[in-house]
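A quick write-up on the structure given underneath.
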Ligand code: NI
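In the numbering used here, the protein residues as written are 48 to 239.
Okay, here's the thing in structure tokens:
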């Protein structure tokens with residue numbers, strides 16, 4: 048892993064990230080390094096702000112989620128397979144019923160909580176070759192995209208919990224900021 052992952056409490060996780068152009072220096076290498084870091088830390092998604100780059104880039108490989116749901120349709124399995132790169136993404140619409148799913152985040156190790164979000168999104172983005180795509184996505188892939196997309200706007204999944212839940216997690220979150228947490232990948236703790 049070439050770079051540490053910023054832990055909860057780091058101010059750079061709260062910045063609104065900026066769009067990039069196709070000539071962004073070292074972009075292809077950066078994307079490869081992000082996938083490597085994501086796999087090494089057993090994540091299904093990683094956003095550039097989490098590695099201290101305030102740019103609108105995130106990577107996803109949600110294949111491990113296929114194991115979660117024995118009744119998953121073949122179409123959804125196909126959708127979850129493979130490496131996906133999202134550059135300068137814009138979520139154009141969020142529709143469908145709201146549903147709860149237990150989320151986690153590489154910046155917030157050891158905390159997993161139910162987050163409620165819309166089930167379907169319409170998204171416009173560039174892939175790693177800067178080809179433009181506009182797609183409607185639902186199910187677990189939409190969920191992972193919504194989580195990673197939030198990182199670009201400085202939002203963490205814990206922000207979306209009830210105020211009661213937030214109060215209950217306060218101490219645990221502070222401990223993460225201080226590095227008082229068991230984690231088996233490299234992190235940068237703001238209060239350590
Ligand atoms: Ni995250």
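We put the CB at the ideal spot given by N, CA and C, even for glycine.
Item: Environment of residue 139 [buried if 16+ CB atoms lie within 10 Å]; Value: exposed
Item: Reference residue 145, options 79, 163, 151, closest by Cα; Value: 163
Item: Endpoints, the alpha helix (DSSP H) within which residue 64 is located; Value: Neither: residue 64 is in no alpha helix (DSSP H) and is coded neither H nor E.
Item: Strand pairing of residue 106, partner residues [DSSP]; Value: 93, 132
Item: Residue 210 (DSSP reduced to helix, strand or coil); Value: helix
Item: Residue 131 classed as buried or exposed, judged by whether at least 16 other C-beta atoms fall within 10 angstroms; Value: buried
Item: Simplified DSSP state of residue 217, which is helix, strand or coil; Value: helix
Item: Rounded straight-line distance, which links the Cα of residue 107 to that of residue 129; Value: 8 Å
Item: Spatial distance of residue 73 from residue 50 (CA atoms); Value: 15 Å
Item: Whole-number beta carbon distance between residue 192 and residue 184, since they are thought to touch under 8 Å; Value: 7 Å
Item: Per DSSP, cross-strand counterpart(s) of residue 172; Value: 180
Item: Closest residue to residue 176 among 67, 56, 126, 48 (Cα-Cα distance); Value: 67
Item: Local conformation of residue 124 per DSSP, three classes; Value: helix
Item: C-alpha gap between residue 133 and residue 217, whole angstroms; Value: 32 Å
Item: Cβ-heavy atom distance, residue 101 to the ligand NI, below 7 Å; Value: no
Item: Straight-line gap, residue 127 to residue 119 (C-alpha atoms, nearest Å); Value: 11 Å
Item: Alpha-carbon spacing of residue 96 relative to residue 63, whole angstroms; Value: 9 Å
Item: Contact test: residue 153 Cβ vs the ligand NI heavy atom, cutoff 7 Å; Value: yes
Item: Beta-carbon gap between residue 143 and residue 165 smaller than 8 Å; Value: yes
Item: Sufficient close CB pairs (3 or more, under 8 Å) joining the stretch 215–231 to the stretch 147–164; Value: yes
Item: Rounded C-alpha distance that separates residue 60 from residue 88; Value: 18 Å
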